[in-house]
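A.B. asks: The numbering of the sequence shown is the working numbering, which starts it at 723 and goes up by one. Glycine is no exception: its CB is placed at the ideal position from the N, C-alpha and C atoms. Sharing a structure here in structure tokens format.
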Amino acid sequence: MIAAGSGSRQAVDSLIQRGANINAAEPSQGQTALMWAAAEGHTEIVNLLVAEGADIRIATKSGFTALAFATIANDGDAVKRLLAAGGDPNLKLGDGTELLLAATSHRSTAAAIALLDAGADPGVKDQQANTPLHTASQRGNLPLVQSLLAHGASVLTVNMAPRGAGRFAGAGGQTPLFLAARGGHLDVMKALLDTGSDPHYHAPDGGSFLMAAVSSANVEAVRLAWKYDNAVDVAMKDGSTLIHASVTGTGNSPEAQARIVEVIQFLADHGARLDEVNKANSTAIDIADVGPTDKAVLLITKLILAKGGYPVHPSKRGIGLPPAQ
């Protein structure tokens, strides 16, 4: 096992020739030499052990097989070899998690694609009803998204609310397109739209595709969403508007603020309401003032004043307000 884990082919060869039990398992976790080689990404040793008759079906006490170890290690070649030797692409781990879900959550793209090519079900779901396509879309993993779509993953499936979800963070009922938009992943957004995603769907909380894109603080994502969903008067059930979304959870670093004001200006240019009060009695200025996202406060205030209005709730720090007469 130590030889397999270290990747020493010479040592492994020598031990096999001397009659070592190729399927021996260490007593603590029940791991075999094949598992150690798979976990450490030693594809050559995996190939050797499989060729010498190592049992790929043996599982550890926690339900991990060599295929599971190779998947988590994202060793695509080892995964393919183990699948070719009879590994199950729809394997469930000891806790019931499907192997494809584990691959996706561990960012094991090569392994996930190999599993899909071998027949893994692209529609498996975790406890919050997230499919691999949800996770890959949220992370902007275009190669995996493309593979999932090619293998029939549904673009219309929605997830459930994660524990502790807040406004604009994804309160449930989110499609892969919403998650890609929220991350500002343009290539993934385009791939999903080209494969039948519904840009007019609204989540149970009232959120829209455009609102998801706005919350990314990526004006290019907003421009793309606008081509399909130009309802600027959309509001969530809590009364929050697109302008609220633009300043919620988008950060307040100098770089983030520069992106946020681009989004706000785009929305203002297209008729978005700037000074609505939500059910928490907050305007976008209130939220940005607390951030603090000063550039957003300044721009929103400036836009309201330019239209002859005055902020419902002016900045408590006086940002953007004309000097007192």
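Measuring alpha carbon to alpha carbon, tell me which residue in E977, A761, K802 and A742 is nearest A788.
C.D. replies: Position 66 of the sequence shown, counted from the start, is the residue given in the question as residue 788. Looking at the Cα atoms, A761 is the closest of the given residues.
A.B. asks: With a threshold of 9 Å between beta-carbons, can G874 be considered close to chain B, or not?
C.D. replies: Annotation note: the requested chain B is absent from the structure, which comprises a single protein chain.
A.B. asks: Should G1042 go down as buried or exposed, given a rule of 16 or more other Cβ atoms within 10 Å for buried?
C.D. replies: In the sequence shown, the residue the question calls residue 1042 occupies position 320. By the neighbour-count rule (16 or more Cβ atoms within 10 Å), G1042 is buried.
A.B. asks: Here's the rule: buried if 16 or more other CB atoms are within 10 angstroms of the residue's CB, otherwise exposed. What is Q753?
C.D. replies: Mapped onto the sequence shown, residue 753 falls at position 31. Buried: at least 16 other Cβ atoms inside 10 Å.
A.B. asks: If you scan the segment 800 to 873 from start to end, which runs of the alpha helix (DSSP H) of 4 or more residues do you find wholly inside it?
C.D. replies: 821 to 827, 831 to 839, 854 to 860 and 864 to 872
A.B. asks: Can you determine whether any heavy atom of the ligand ADP sits closer than 8 Å to the C-beta of T1015, and answer yes or no?
C.D. replies: Among the ligands in the structure shown, none appear at all, so the ligand ADP cannot be discussed.
A.B. asks: Would you decide whether A1028 is buried or exposed? Buried here means 16 or more other CB atoms lie within 10 Å of its CB.
C.D. replies: Here residue 1028 refers to the residue found at position 306 when the sequence shown is read from its first residue. Counting Cβ neighbours within 10 Å, A1028 comes out exposed, since fewer than 16 surround it.
A.B. asks: Just how far apart, CA to CA, sit T917 and S938?
C.D. replies: If you number the sequence shown from 1, residue 917 lands on position 195. If you number the sequence shown from 1, residue 938 lands on position 216. Approximately 22 Å between the Cα atoms of the pair.
A.B. asks: Determine the DSSP secondary structure at S930, reduced to helix, strand or coil.
C.D. replies: Position 208 of the sequence shown, counted from the start, is the residue given in the question as residue 930. In the structure shown, S930 sits in a strand (DSSP, three-state: E or B).
A.B. asks: Using the three-state DSSP reduction, which class does A957 fall into: helix, strand or coil?
C.D. replies: Looking up residue 957 in the sequence shown gives position 235. Residue state, collapsed to three classes: strand.
A.B. asks: Near N974, which residues of its chain fall below 7 Å by C-beta distance, leaving aside the five closest residues on each side in sequence?
C.D. replies: Mapped onto the sequence shown, residue 974 falls at position 252. The residues are G1013, P1014 and T1015.
A.B. asks: Quick one: is R904 buried, meaning 16 or more other Cβ sit within 10 Å of its Cβ, or exposed?
C.D. replies: Residue 904 sits at position 182 when you count from the first residue of the sequence shown. Buried, by the Cβ-count rule.
A.B. asks: Compute the Euclidean distance between the alpha carbons of A978 and S876, then round it to the nearest angstrom.
C.D. replies: The sequence position of residue 978 within the sequence shown is 256, counting from 1. The sequence position of residue 876 within the sequence shown is 154, counting from 1. So the two alpha carbons sit approximately 33 Å from each other.
A.B. asks: Where do the ends of the alpha helix (DSSP H) carrying T1023 lie?
C.D. replies: Taking the first residue of the sequence shown as 1, we reach residue 1023 at position 301. Looking at the DSSP string, the run of the alpha helix (DSSP H) that includes T1023 is D1016 to A1028.
A.B. asks: Measuring alpha carbon to alpha carbon, tell me which residue in L771, N1003 and N796 is nearest S830.
C.D. replies: For this step, residue 830 is matched to residue 108 along the sequence shown. Minimum Cα distance to S830 is reached at N796.
A.B. asks: Mapping the DSSP letters down to three states, classify A939 as helix, strand or coil.
C.D. replies: Sequence index remark: in the sequence shown, residue 939 carries index 217 (1-based). In this structure, A939 counts as coil in the three-state DSSP scheme.
A.B. asks: Is it the case that the Cβ atoms of G816 and A781 are separated by a distance below 9 Å?
C.D. replies: As a working mapping, residue 816 is identified with position 94 in the sequence shown. As a working mapping, residue 781 is identified with position 59 in the sequence shown. Yes; because the gap between Cβ atoms is below 9 Å, this pair is in contact.
A.B. asks: From the DSSP output, in three-state form, read off T963 for me.
C.D. replies: The count along the sequence shown starts at 1 and reaches residue 963 at position 241. If DSSP states are grouped into helix, strand and coil, T963 belongs with the strands.
A.B. asks: Which whole-angstrom value is the C-beta distance of Y923 and T963, which I expect to be below 8 Å?
C.D. replies: Working through the sequence shown from its first residue, we reach residue 923 at position 201. Working through the sequence shown from its first residue, we reach residue 963 at position 241. That belief does not hold up - the Cβ atoms of Y923 and T963 are roughly 18 Å apart, past 8 Å.
A.B. asks: Near K814, which residues of its chain fall below 6 Å by C-beta distance, leaving aside the five closest residues on each side in sequence?
C.D. replies: Here residue 814 corresponds to residue number 92 of the sequence shown, with the count starting at 1. So the list reads E820, once near-sequence residues are dropped.
A.B. asks: Are D848 and L823 closer than 9 Å when you measure CB to CB?
C.D. replies: Taking the sequence shown and counting its residues from 1, one reaches residue 848 at position 126. Taking the sequence shown and counting its residues from 1, one reaches residue 823 at position 101. In contact: D848 and L823 (Cβ atoms closer than 9 Å).
A.B. asks: Alpha carbon to alpha carbon, how far is A935 from V985? Give it in angstroms, no decimals.
C.D. replies: For the purposes of this step, residue 985 is identified with residue 263 of the sequence shown, where counting begins at 1. For the purposes of this step, residue 935 is identified with residue 213 of the sequence shown, where counting begins at 1. In a straight line, the C-alpha of V985 is about 10 Å away from that of A935.
A.B. asks: Do A733 and I744 have their C-beta atoms within less than 9 Å of each other?
C.D. replies: Indexing the sequence shown from 1 puts residue 733 at position 11. Indexing the sequence shown from 1 puts residue 744 at position 22. No, these two residues do not count as a Cβ contact at 9 Å.
A.B. asks: Tell me the DSSP bridge mates of A747?
C.D. replies: Numbered from its first residue, the sequence shown carries residue 747 at position 25. T754, per the DSSP bridge assignment.
A.B. asks: Span of the alpha helix (DSSP H) holding Q987?
C.D. replies: The count along the sequence shown starts at 1 and reaches residue 987 at position 265. Run containing Q987: P976 to D991, per the alpha helix (DSSP H) assignment.
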